[in-house]
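Here the structure is laid out as structure tokens; the discussion comes afterwards.
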Amino acid sequence: MPDWMSHLIIGLILAEVFNIRKKSLVVLGTLAPDILSKIQLIYFYFGISPPISFISFHTPLMWFLLSILIAPLFKYDRLKTILLINIGALSHFLSDLTIKHFGGSGTRLFFPFSNSNYTLNLIWPEQSVYILIASLVIYLIVKVVKKYFFKMQALRKQQTRFL
Numbered sequence: 423m424p425d426w427m428s429h430l431i432i433g434l435i436l437a438e439v440f441n442i443r444k445k446s447l448v449v450l451g452t453l454a455p456d457i458l459s460k461i462q463l464i465y466f467y468f469g470i471s472p473p474i475s476f477i478s479f480h481t482p483l484m485w486f487l488l489s490i491l492i493a494p495l496f497k498y499d500r501l502k503t504i505l506l507i508n509i510g511a512l513s514h515f516l517s518d519l520t521i522k523h524f525g526g527s528g529t530r531l532f533f534p535f536s537n538s539n540y541t542l543n544l545i546w547p548e549q550s551v552y553i554l555i556a557s558l559v560i561y562l563i564v565k566v567v568k569k570y571f572f573k574m575q576a577l578r579k580q581q582t583r584f585l
């Protein structure tokens with residue numbers, strides 16, 4: 423699914439740019455809002471009415487609260503875990519803002535204070551393949567530049583040691 427893959431790559435780009443060691447937490451934040459909101463489909467498939475609206479899990483506030491709840495599950499500093507998961511979730515919601523929708527839907531950024539949907543109407547969902555390709559290229563460029571930068575930095579340190 424290109425949408426999830428593009429979310430994943432965008433999260434990895436952020437983790438590389440900000441030199442985050444726990445990339446898995448950022449990736450969790452990029453994918454989990456979509457995965458949790460898809461739980462509603464299980465209820466739909468079996469013809470059962472869900473006890474709660476799982477669609478509300480695809481909002482920034484709910485995901486912030488969920489990140490606080492799941493942070494103790496990780497053997498890492500809780501505050502950093504919450505921060506890294508929310509960096510990934512924020513990249514998810516910002517990239518979802520670019521999607522066009524037929525029915526006027528979008529991302530509910532200010533839920534529960536407002537049920538308004540926001541979108542920038544830039545790309546259609548089937549065009550996320552292009553975003554995936556572009557983000558893969560950007561990710562590879564970031565990796566190569568970082569590797570070159572650190573190699574040059576190590577060479578400078580080595581040269582200064584001999585002087």
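Numbering (the numbering used here), first residue to last: 423 to 585. We treat Cβ as the ideally placed atom computed from N, Cα and C, and that holds for glycine.
Between which two residues does the alpha helix (DSSP H) containing residue i stretch?
i: ALA454; result: 445–459
i: LEU505; result: 500–518
Quick check on residue i: buried or exposed, where buried means 16 or more other Cβ atoms within 10 Å of its Cβ?
i: MET574; result: exposed
i: PRO455; result: buried
i: ILE555; result: exposed
i: SER471; result: exposed
i: PHE468; result: exposed
i: MET423; result: Residue placement at MET423 is flagged as unreliable, the pLDDT there being 40, under the threshold of 50; the coordinate-derived value follows with that caveat. Looking at its Cβ environment, which holds fewer than 16 other Cβ atoms inside 10 Å, MET423 is exposed.
Distance, Cα to Cα, residue i vs residue j?
i: VAL559; j: LEU483; result: 32 Å
i: ILE474; j: SER446; result: 28 Å
i: TRP426; j: THR582; result: 46 Å
i: THR520; j: SER489; result: 24 Å
i: TRP485; j: LYS569; result: 33 Å
i: SER513; j: LYS502; result: 17 Å
i: LEU544; j: SER527; result: 14 Å
i: PHE535; j: LEU463; result: 26 Å
i: VAL564; j: ALA493; result: 29 Å
i: SER538; j: ARG500; result: 32 Å
i: PHE496; j: ILE477; result: 25 Å
i: TYR465; j: ARG578; result: 60 Å
i: PRO547; j: LEU453; result: 16 Å
i: ILE461; j: ILE504; result: 22 Å
Where DSSP assigns a beta bridge to residue i, which residues make up the other side?
i: THR481; result: Bridge partners of THR481: none, in fact.
i: THR582; result: Its beta-bridge partners do not exist; DSSP assigns none.
i: ILE545; result: ILE521
i: TYR540; result: THR529
Under 8 Å by Cβ, that's how I've got residue i and residue j pegged, so tell me the actual separation to the nearest angstrom.
i: ILE431; j: TYR561; result: 5 Å
i: ILE442; j: LEU506; result: 6 Å
i: LEU458; j: GLY510; result: So it is not a contact: roughly 13 Å between Cβ atoms.
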